[in-house]
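J.:
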Amino acid sequence: MKRNQPLRRKTALKAKKPLERKTPLRATGNLDRSAPLPKQSKKRQQENRDRHAMKNAMFPDSRPPCIVPWCGLLADDLHEPLTRARGGSITEPDNAVPTCRGHNDELTNEPAWGYELHLLVHAWDRRTYAEMAEDRRIALARWYAEHLEEAS
Ligand SMILES: [Zn+2]
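With the sequence shown counted from 1, adding 1041 to any position gets you the numbering used here.
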């Protein structure tokens, strides 16, 4: 075919019957959407209530110190070592540690010390929350033993 020749149909277009619905459209329920969408699902609302109750049960009287042993500030946040993004529970006490705002932010950047102290847990970690909490307690105790023996 010559390149400058326009493309042409070999068969003519046929007139077809227009498509018809076999069943007519029916008016269904009320489509009024005047109520705003909820900011959180019922499930998430309940989860947050449970988390609040857990926090109050864990720290009934006052703000605990930040769990990072070299910090010394009071905690602002509860941090999940197995993060919510990694499938971690936000209502499991063994997956909640108090942190100051600065260390909570710092842990977001996944520092090595976070994993060493079990304040961060990989998504593929198969330990139970209780096992993680126990390993964290041991790692923190070891840190204190190594760093504070000369102080006492
Ligand atoms: Zn801190």
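We treat Cβ as the ideally placed atom computed from N, Cα and C, and that holds for glycine.
#1: My guess is that D1176 and N1145 are in contact by the Cβ rule of under 8 Å, so how many angstroms apart are they, rounded?
#2: Please report how far the alpha carbon of E1151 lies from the alpha carbon of A1116, in whole angstroms.
#3: Should L1114 be listed as close to ligand 1, given that the test is whether its C-beta is under 6 Å from any heavy atom?
#4: Where are the beta strand (DSSP E) runs, 3 residues long or more, that stay fully inside the segment 1049-1114, in chain order?
#5: Buried or exposed, going by whether 16 or more other CB atoms sit within 10 Å of the CB of M1173?
#6: If we ignore side chains and look at the alpha-carbon of each, how far apart do A1180 and K1096 end up?
#7: Could you tell me which of D1135, T1149, L1189 sits nearest to T1169, measuring between CA atoms?
#8: Indicate the three-state DSSP secondary structure (helix, strand or coil) for H1159 in the structure shown.
#9: Identify every run of the beta strand (DSSP E) within the segment 1124-1169, keeping only runs that are complete inside it and at least 3 residues long; order them along the chain.
#10: Please classify G1070: is it buried, with 16 or more other beta-carbons within 10 angstroms of its beta-carbon, or exposed?
T.: A quick look at the data gives this:
#1: With a Cβ gap of about 20 Å, D1176 and N1145 do not count as contacting.
#2: 19 Å
#3: yes
#4: none
#5: When all chains shown are included, M1173 counts as buried.
#6: 23 Å
#7: D1135
#8: coil
#9: 1138-1140
#10: Label assigned to G1070: exposed.
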